[in-house]
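So the sequence shown is numbered by this note's numbering: it starts at 2 and just counts up by one. Each residue gets a CB set at the ideal place from its N, CA and C atoms; glycine is no exception. The structure displayed is predicted, hence computed values, not measured ones.
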Amino acid sequence: MFILLVVLCSFTPKTDEELFIDSLLSQMTLEEKIGQMNQLDPSYESEAKEALIREGKVGSIFNIVGAKEVNRLQRMAVEQTRLGIPLVVARDVIHGFKTIYPIPLGQGATWNPDLVEKAASLTAQEAVYSGVRWAFSPMVDVAHDPRWGRVAEGYGEDPLLTSVMGAATVRGYQQSPMTNILSPVKMAACVKHFAGYSVSEGGRDYNTTWIPETQLRDIYLPPFKAALDAGALSVMCSFNALNGLPSSANPHLNIDILRNEWQSDALLVSDWGSGSDLVPHGLCADKKEAALRCINARMEMDMQGNIYTDYLADLVREGKVQESQIDECVRSVLRLKYRLGLFENPYVPEPDGENPLCYSIESLQAAEQAAVESAILLKNDGILPLSEEYLHAKKNPTVLICGPMADQKKEQLGTWIFDGEAEHSVTPYDAFYNREKPFHILYEPGLTYSRDKDPKHIAKAVKAAKKADIILFFAGEEAILSGEARCRTDLNLPGAQTEMMAALAKTGKPVVLVVMAGRPLTIGREVEQAAAVLYAFHGGTMAGPALFDLITGKAVPSGKTPMTFPKTVGQVPFYYNRHNTGRPTYEPPVLIDDIPVGAPQFSVGYSSCWLETATEPLFPFGFGLSYTTFEYSRTTVEPIADREGFYTVSATITNTGKYDAKEVAQLYFRQKSGALVRPICELKGFQKVFIPAGESRKVSFVLTPEDRGYWHEAHNGMESRVWFAADETEFEAWIAPNSAK
Ligand code: NOJ
Numbered sequence: 002m003f004i005l006l007v008v009l010c011s012f013t014p015k016t017d018e019e020l021f022i023d024s025l026l027s028q029m030t031l032e033e034k035i036g037q038m039n040q041l042d043p044s045y046e047s048e049a050k051e052a053l054i055r056e057g058k059v060g061s062i063f064n065i066v067g068a069k070e071v072n073r074l075q076r077m078a079v080e081q082t083r084l085g086i087p088l089v090v091a092r093d094v095i096h097g098f099k100t101i102y103p104i105p106l107g108q109g110a111t112w113n114p115d116l117v118e119k120a121a122s123l124t125a126q127e128a129v130y131s132g133v134r135w136a137f138s139p140m141v142d143v144a145h146d147p148r149w150g151r152v153a154e155g156y157g158e159d160p161l162l163t164s165v166m167g168a169a170t171v172r173g174y175q176q177s178p179m180t181n182i183l184s185p186v187k188m189a190a191c192v193k194h195f196a197g198y199s200v201s202e203g204g205r206d207y208n209t210t211w212i213p214e215t216q217l218r219d220i221y222l223p224p225f226k227a228a229l230d231a232g233a234l235s236v237m238c239s240f241n242a243l244n245g246l247p248s249s250a251n252p253h254l255n256i257d258i259l260r261n262e263w264q265s266d267a268l269l270v271s272d273w274g275s276g277s278d279l280v281p282h283g284l285c286a287d288k289k290e291a292a293l294r295c296i297n298a299r300m301e302m303d304m305q306g307n308i309y310t311d312y313l314a315d316l317v318r319e320g321k322v323q324e325s326q327i328d329e330c331v332r333s334v335l336r337l338k339y340r341l342g343l344f345e346n347p348y349v350p351e352p353d354g355e356n357p358l359c360y361s362i363e364s365l366q367a368a369e370q371a372a373v374e375s376a377i378l379l380k381n382d383g384i385l386p387l388s389e390e391y392l393h394a395k396k397n398p399t400v401l402i403c404g405p406m407a408d409q410k411k412e413q414l415g416t417w418i419f420d421g422e423a424e425h426s427v428t429p430y431d432a433f434y435n436r437e438k439p440f441h442i443l444y445e446p447g448l449t450y451s452r453d454k455d456p457k458h459i460a461k462a463v464k465a466a467k468k469a470d471i472i473l474f475f476a477g478e479e480a481i482l483s484g485e486a487r488c489r490t491d492l493n494l495p496g497a498q499t500e501m502m503a504a505l506a507k508t509g510k511p512v513v514l515v516v517m518a519g520r521p522l523t524i525g526r527e528v529e530q531a532a533a534v535l536y537a538f539h540g541g542t543m544a545g546p547a548l549f550d551l552i553t554g555k556a557v558p559s560g561k562t563p564m565t566f567p568k569t570v571g572q573v574p575f576y577y578n579r580h581n582t583g584r585p586t587y588e589p590p591v592l593i594d595d596i597p598v599g600a601p602q603f604s605v606g607y608s609s610c611w612l613e614t615a616t617e618p619l620f621p622f623g624f625g626l627s628y629t630t631f632e633y634s635r636t637t638v639e640p641i642a643d644r645e646g647f648y649t650v651s652a653t654i655t656n657t658g659k660y661d662a663k664e665v666a667q668l669y670f671r672q673k674s675g676a677l678v679r680p681i682c683e684l685k686g687f688q689k690v691f692i693p694a695g696e697s698r699k700v701s702f703v704l705t706p707e708d709r710g711y712w713h714e715a716h717n718g719m720e721s722r723v724w725f726a727a728d729e730t731e732f733e734a735w736i737a738p739n740s741a742k
């Protein structure tokens with residue numbers, strides 16, 4: 002049998018792709034190969050950069066943009082080098098190109114992967130025609146600590162939600178149908194940062210992370226696997242040292258897991274200089290050693306670090322690196338280029354004037370819809386929506402628009418905006434001013450930017466508030482307060498916004514608080530003072546119209562929290578799927594006929610030791626209100642005949658209110674005992690369903706043995722072993738509107 006298999010394998014014909022790459026590789030010199038492993042950023046002085054391209058010493062270049070410039074440099078690679086291998090042009094396209102969609106955390110809050118896929122697809126359409134063929138996203142780092150500025154760039158705290166959204170983004174960039182004359186693949190995705198980057202101590206960016214293997218596999222790796230299964234053509238290393246080893250030099254991550262276990266052939270690129278960083282990390286004595294550690298860990302392309310161009314050839318000549326190691330890396334680079342169709346179509350069309358695909362009606366509509374669905378209604382005493390019906394009793398009501406985020410074209414776009422132009426943003430002020438509405442508006446920002454502390458500015462807003470019937474306070478964070486290296490030690494509204502909220506509330510006029518921020522903020526006091534709270538994150542180009550529609554009832558909120566909202570910064574890291582503890586205890590959902598019907602509760606047995614704030618979040622994961630109300634029936638869990646270990650879990654949801662609306666039904670799972678301590682509960686599925694007022698919809702999920710499985714670990718002396726399995730144990734599964742129900 003074994004012999005037969007070997008014989009069969011050796012006769013498996015090579016694909017066209019493999020034959021093409023073999024042939025090209027056989028013609029390449031060592032220097033040309035190393036050139037392909039070099040990614041250059043454009044800050045290089047242009048003559049030096051162009052000389053390197055002509056010498057075949059550049060495989061990729063990033064952060065150049067515009068069809069003309071891209072084609073100009075591409076011509077040097079294709080027409081002036083010996084083998085004519087095209088460059089692949091990359092860019093940080095994170096949540097939109099020209100049209101900016103909500104930040105990824107806001108996209109997570111939509112719980113709508115179709116919308117996220119559409120946004121990514123339209124993004125690729127805009128970016129590809131500006132020469133970008135490789136996007137450095139999605140970021141799928143599961144994050145539990147909102148102090149870390151990069152929570153804005155991911156999809157929140159849950160591995161399943163992050164996996165689904167990351168995969169949707171990959172499909173959108175790479176696969177969604179469009180009239181793409183360049184290739185069947187539009188723009189390669191790069192799933193990042195591999196791995197464990199988000200667990201940095203104290204939420205400090207780039208910091209140390211310690212993650213046990215089982216937790217790494219249960220929580221942090223699944224979104225990478227999901228993105229690769231969706232076809233992601235590349236992966237980016239992370240900066241952090243994971244359990245003492247930075248990922249650019251980590252053979253366990255890059256070879257054992259990525260290549261051997263997952264059988265991925267995606268290109269692995271370093272993060273910006275993360276290879277040369279091995280020296281300041283204190284792992285390598287010098288850059289030559291760093292190059293050796295990175296190639297031995299199969300980091301395939303060096304972003305901006307110059308360690309491969311400077312040292313690899315010598316390492317080969319000294320016999321410390323085999324040329325076959327280099328060949329493996331170059332294969333990955335050429336594979337990416339082949340799959341992008343670059344060998345056939347290296348150039349992008351050069352439109353006369355502006356790229357006609359940018360800011361298309363379809364893109365702007367999708368951006369508006371994404372902004373609508375990313376906003377979470379956290380509180381509503383009945384003031385929202387400000388519909389004609391609500392305002393009926395008030396004659397000619399006046400609404401004050403105020404707050405430092407009410408009219409900030411740039412700030413509402415959020416972090417990582419290289420190409421989005423602020424002048425295209427429609428702010429809340431623009432939308433309220435220009436659209437038809439059943440009230441008058443007054444505008445006085447009060448505080449002029451999010452960190453403004455000037456009491457005179459607050460006084461101005463209070464003066465204006467006295468002339469109004471209702472106050473809309475647009476609060477939040479400037480874009481620069483979240484994103485890479487933008488970590489915060491407190492999570493309050495910056496500047497004097499808390500004081501402004503208190504002063505507005507003191508006028509006795511109802512205040513609708515709208516928060517536009519890059520992370521969950523600790524807004525407990527403000528929530529108490531507000532009549533209603535909409536949490537909108539940074540909503541992108543069309544944030545204004547989306548908020549106008551939500552506030553006036555033309556749209557109904559349907560966002561749900563993608564992260565737990567802590568009451569105080571002292572609670573973080575705070576996440577719903579934390580492990581059960583002995584004290585305080587966790588009460589599972591109420592059971593009827595052995596079937597869970599919802600609402601697990603904490604009971605703080607040792608109440609004298611615990612402040613309430615230690616165990617209760619401000620808002621739990623998965624939480625969000627609507628203008629309508631939904632009633633969940635009891636959940637049924639039925640074994641599936643002939644499929645050992647599979648169950649159908651169902652519930653019926655009835656829209657018992659007055660508005661047609663979407664609801665996110667969430668399937669949670671908890672096992673009662675097992676080989677290891679397990680989470681309080683875990684999300685195992687979700688569906689966003691539209692339910693007209695007065696109607697019901699049945700939602701069903703299949704719970705599989707794999708859903709119930711997790712990573713186990715056993716030690717035998719000094720050896721340890723991990724494996725994935727489900728425990729034979731009782732479990733509970735329930736369908737609920739959030740993780741605390
Ligand atoms: C560093 C960031 O960590 C990464 O996410 C980004 O894609 C690269 N720089 C390139 O700008």
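For residue i, verify whether its CB is less than 8 Å away from any heavy atom of ligand 1.
i: Cys194; result: Cys is not the amino acid found at residue 194; the sequence shown has His there. Yes, the beta carbon of His194 sits closer than 8 Å to at least one heavy atom of ligand 1.
i: Phe240; result: yes
i: Trp135; result: no
i: Met188; result: no
i: Glu485; result: yes
i: Met237; result: yes
i: Phe63; result: yes
i: Met140; result: yes
i: Met300; result: no
i: Thr272; result: Thr is not the amino acid found at residue 272; the sequence shown has Asp there. Yes; taking the cut-off as 8 Å, the Cβ of Asp272 has a heavy atom of ligand 1 nearer than that.
i: Met304; result: yes
i: Asp93; result: yes
Count the other CB atoms within 10 Å of the CB of residue i; is the residue buried (16 or more) or exposed (fewer)?
i: Pro456; result: exposed
i: Arg671; result: buried
i: Arg436; result: exposed
i: Trp735; result: buried
i: His580; result: exposed
i: Ile308; result: buried
i: Ser674; result: exposed
i: Val71; result: buried
i: Tyr130; result: buried
i: Val331; result: buried
i: Lys464; result: exposed
i: Phe419; result: exposed
i: Asn717; result: exposed
i: Gln108; result: buried
i: Leu592; result: Caution is warranted here: a pLDDT of 49 is assigned to Leu592, below 50, making its placement in the model unreliable, and the coordinate value is therefore given only provisionally. Leu592 should be labelled exposed.
With a cut-off of 8 Å on the beta carbons, I'd call residue i and residue j a contact; round off their distance for me.
i: Pro386; j: Asp470; result: No, Pro386 and Asp470 are not in contact; Cβ-Cβ is about 15 Å, not under 8 Å.
i: Val515; j: Phe475; result: 5 Å
i: Arg148; j: Met188; result: Actually they are not in contact, since the Cβ atoms of Arg148 and Met188 sit about 32 Å apart, beyond 8 Å.
i: Met302; j: Asp272; result: Not quite, the Cβ-Cβ distance comes to about 11 Å (not below 8 Å), so this is no contact.
i: Ser559; j: Lys663; result: 4 Å
i: Lys250; j: Arg299; result: The residue you asked about is not Lys; residue 250 is Ala in the sequence shown. In fact, because the Cβ distance is near 10 Å, the residues do not count as touching under 8 Å.
i: Pro738; j: Phe620; result: Not confirmed; about 12 Å, so no contact.
From this set, the options, which residue's C-alpha is nearest residue i's C-alpha?
i: Ala676; options: Leu505, His393 and Gly710; result: Gly710
i: Phe98; options: Glu19, Glu389, Ser61 and Val66; result: Val66
i: Glu80; options: Gly57, Ile62 and Glu639; result: Gly57
i: Thr111; options: His716, Gln572, Phe538 and Asp257; result: Phe538
i: Val200; options: Val165, Asp382, Ser27 and Arg151; result: Arg151
i: Leu259; options: Gly276, His713 and Ser235; result: Ser235
i: Cys191; options: Tyr450, Asn208 and Ala228; result: Ala228
i: Glu445; options: Cys403, Asp266, Tyr102 and Glu127; result: Cys403
Give, in chain order, every unbroken run of the alpha helix (DSSP H) that is at least 4 residues long and sits entirely within the region 124–158.
-> none
Which runs of the beta strand (DSSP E) spanning at least 3 residues fall entirely within the region 500–573, listed in chain order?
-> 512–517 and 533–536
Unbroken stretches of the beta strand (DSSP E), 3 residues or longer, contained in the region 628–675 | 631–633, 637–640, 648–656 and 662–672
Kindly provide the ranges of any beta strand (DSSP E) runs that are 3 or more residues long and lie completely inside the region 50–94, ordered along the chain.
-> 61–63 and 89–92
Minimum length 4: unbroken alpha helix (DSSP H) runs contained in the region 264–319 = 288–297 and 308–318
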